[in-house]
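Step one of this worksheet: look at the structure below.
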Amino acid sequence: MAPTSNSGSVDIKPILQWLAYTKGWMPGNETIGEVQFGYEITSSSGGLNFNTNNLTVNGG
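Numbering of the sequence shown is given in our numbering, commencing with residue 190 and proceeding in unit increments.
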């Protein structure tokens with residue numbers, strides 16, 4: 190059986206800062222108007238279920 194996780198978090202601010210200031214791929218003063226969430230599955234032998242019971246996005 191695949192491992193499960195009951196909770197988790199991702200702080201996207203450092204990722205956005207890296208994109209802007211290290212890579213130069215976006216302006217440093219960019220306004221984020223939308224955050225998307227989803228799964229990217231490359232293979233799941235026999236089929237698997239992926240469930241999300243709660244998702245919260247906080248800004249600030």
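Each residue gets a CB set at the ideal place from its N, CA and C atoms; glycine is no exception.
- Please look up how many angstroms separate the CB atoms of Gly217 and Ala209, rounded, as I've assumed it's under 8 Å. On the sequence shown, residue 217 is found 28 positions in, with the first residue counted as 1. On the sequence shown, residue 209 is found 20 positions in, with the first residue counted as 1. Right, their Cβ atoms sit about 4 Å apart.
- Query: Can you tell me whether DSSP reads Lys212 as helix, strand or coil?
  - Reply: Indexing the sequence shown from 1 puts residue 212 at position 23. Reduced to three states, the DSSP call for Lys212 is coil.
- Query: Nearest-angstrom Cα distance between Ser198 and Ile230?
  - Reply: Here residue 198 refers to the residue found at position 9 of the sequence shown. Here residue 230 refers to the residue found at position 41 of the sequence shown. Their backbone Cα atoms lie some 19 Å apart in a straight line.
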